[in-house]
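Per my numbering, numbering through the sequence shown is continuous, rising by one, with the last residue being 460.
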Amino acid sequence: MITVNLDVMMARRKVSLNTLAASTGISPVNLSILKNNKGKAIRFSTLDAICNALDCQPADILEYVKEEGHGVITTIAADAVD
């Protein structure tokens with residue numbers, strides 16, 4: 379699962395939601411959805427605008443967190459045991 383750590387980067391940069399919205403042109407509502415990890419997807423143009431405004435890399439905002447019991451290798455290993 380991909381998690382969005384926008385709140386962490388905003389805190390590090392001491393940037394409010396409204397300030398980030400003003401500097402990126404992204405609505406506060408859409409930024410709030412991302413900040414609260416409720417988004418289903420993110421456009422590259424949105425990610426680019428956020429990274430530009432916060433002077434960071436995509437990896438500073440996005441993080442892959444493996445879910446237990448999910449994944450090809452786990453499934454293959456379980457099938458091999460059966």
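Glycine residues also receive a C-beta, built at the ideal position from the N, C-alpha and C atoms.
Given the structure is predicted, the values throughout are model-derived calculations rather than measurements.
> With DSSP run on the structure shown, which of helix, strand or coil describes Val407?
Replying inline: helix
> Who are Thr381's beta bridge partners in DSSP?
Replying inline: Glu441
> Does the distance from the C-beta atom of Thr469 to that of Ile404 stay below 8 Å?
Replying inline: This structure cannot speak to residue 469, because the chain is shown only from 379 to 460.
> With C-beta atoms as the reference, is Met379 less than 8 Å away from Glu445?
Replying inline: yes
>> Using the three-state DSSP reduction, which class does Ser394 fall into: helix, strand or coil?
In response: coil
> Considering Ile428, what are the terminal residues of the alpha helix (DSSP H) in which it resides?
Replying inline: Phe422 to Leu432
> Buried or exposed: which applies to Ala419, given that a residue is buried once 16 or more other Cβ atoms fall within 10 Å of its Cβ?
Replying inline: exposed
> Among the residues of its own chain, which have a CB less than 7 Å from the CB of Ser394, if the five just before and after it don't count?
Replying inline: none
> With DSSP run on the structure shown, which of helix, strand or coil describes Lys413?
Replying inline: helix
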